[in-house]
Amino acid sequence: MIITDNHMHLYNHLRFKALKQFKDAGGTHVFLVSLLSTHYNIFPRDGRDFKQIFEEHVKMVKKANEIVKAYAILAVHPAELTILARKFGVDKSAEIMKKALEIAGKYVEEGKAVAIKSGRPHYDVSDYVWKTSNEILLYAFEIAKDVGCAVQIHTESFSKEGMLEIANLADKAGLKREKVIKHFAPPAIREFEEIGIFPSVIAMGDNVVKSAQQGDRFLIETDYIDDKTRPGSVLGPKTVPRKIRELLERGYDEDLINIICKENVEKVYGIIL
Ligand SMILES: [Zn+2]
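For the sequence shown, the numbering used here begins at 1091 and goes up steadily by one.
The following block contains the structure:
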């Protein structure tokens, strides 16, 4: 049985041991997302400086493949704008991020990564930073459209209006709405289905069961961060296999697991597991 965690990081805590825990619990496939530049002790002055981050990430994911099947997602996190703007101002920082997204798109074209990650801040920002963040997100969608990949998005908390706004940006870029994956999604499966954006449900509490009660159009993730200062945050690496087992115990069948962990993943990323 395929069991997929759609969004996990490996950083400075358990590293590959986290993946071994995932595997021992029954996990088979994982999408590893690169972190903010600050996690790599890099202060980008140019979009090209992200290459160092992407190289390091891709190399790590290659190694991770010795444990489970692992795929790389390259992130230009929306919070980079706040970090970079302190030094470069908003406009120059946006340029750096757009260039970095272009480079991430090249990695996808070369088959070194399967998707990119963008979004907009989850915290309060000025109108100008908000407007600029939306422009960067639109640019990420245009790149994804060009290279034919999915975009994981990190955004403000879920609201129908907010998701619709983002869906409209995808339309503007000509990117299919289902190629936009809302990371850290609540179990609002029906709403997401109406809007078209694909939810990656954070496997907290009874989110997974609540999702299954509404249908099968979702992915599951832990957003495991692997940070020494926050061990086990957001959710531990064994969580997705555990939640899948819980679904089976509650009487959901393996067909449902196959849809969530394999068919949906294949459809949104355009890959074969
Ligand atoms: Zn994350």
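Backbone N, C-alpha and C define an ideal beta-carbon position, used for all residues, glycine too. Bear in mind the structure is a predicted one, so any value in this text is a computation, not a measurement.
Same chain, Cβ closer than 8 Å to residue i, neighbours up to 5 away in sequence not counted
i: Asp1343; result: none
i: Ala1275; result: Phe1248, Phe1282, Pro1289, Ser1290, Val1291, Ile1292, Phe1308
i: Phe1285; result: It is Ile, not Phe, that sits at residue 1285 in the sequence shown. So the list reads Lys1250, Met1253, Leu1254, Ala1257, Arg1267, once near-sequence residues are dropped.
i: Gly1116; result: Met1091, Ile1093, Pro1331, Ile1334, Arg1335
i: Leu1227; result: Pro1168, Ser1208, Gly1209, Arg1210, Ile1243, Ile1256, Leu1259
Coarse secondary structure for residue i, derived from DSSP in three states
i: Val1324; result: coil
i: Val1204; result: coil
i: His1212; result: coil
i: Phe1274; result: strand
i: Met1187; result: helix
i: Lys1153; result: helix
i: Ser1124; result: coil
i: Glu1246; result: coil
i: Pro1134; result: coil
i: Asn1096; result: strand
i: Ile1292; result: strand
i: Val1241; result: strand
Euclidean distance between Cα positions of residue i and residue j
i: Glu1185; j: Asp1139; result: 13 Å
i: Lys1269; j: Glu1232; result: 12 Å
i: Leu1100; j: Pro1321; result: 12 Å
i: Asn1297; j: Glu1311; result: 11 Å
Member of the options whose CA lies at the smallest distance from the CA of residue i
i: Glu1255; options: Ile1287, Gln1242, Lys1235, Ala1230; result: Ile1287
i: Val1219; options: Lys1262, Phe1133, Leu1174; result: Leu1174
i: Glu1145; options: Phe1178, Met1187, Ile1193, Lys1318; result: Ile1193
i: Thr1329; options: Met1294, Asp1316, Asp1345; result: Met1294
i: Leu1337; options: Ile1350, Pro1327, Gly1326; result: Ile1350
Anticipated Cβ contact below 8 Å, residue i with residue j, distance rounded
i: Val1241; j: Lys1207; result: 7 Å
i: Leu1032; j: Val1120; result: Any question about residue 1032 goes unanswered here, given that the chain covers just 1091 to 1363.
Close-in-space but distant-in-sequence residues of the same chain around residue i (CB under 7 Å, 5 per side omitted)
i: Leu1191; result: Val1166, Ile1206, Ser1208, Tyr1229, Ala1230, Ile1233
Cβ neighbours of residue i in the same chain (closer than 6 Å, five flanking residues each side left out)
i: Lys1300; result: Pro1277
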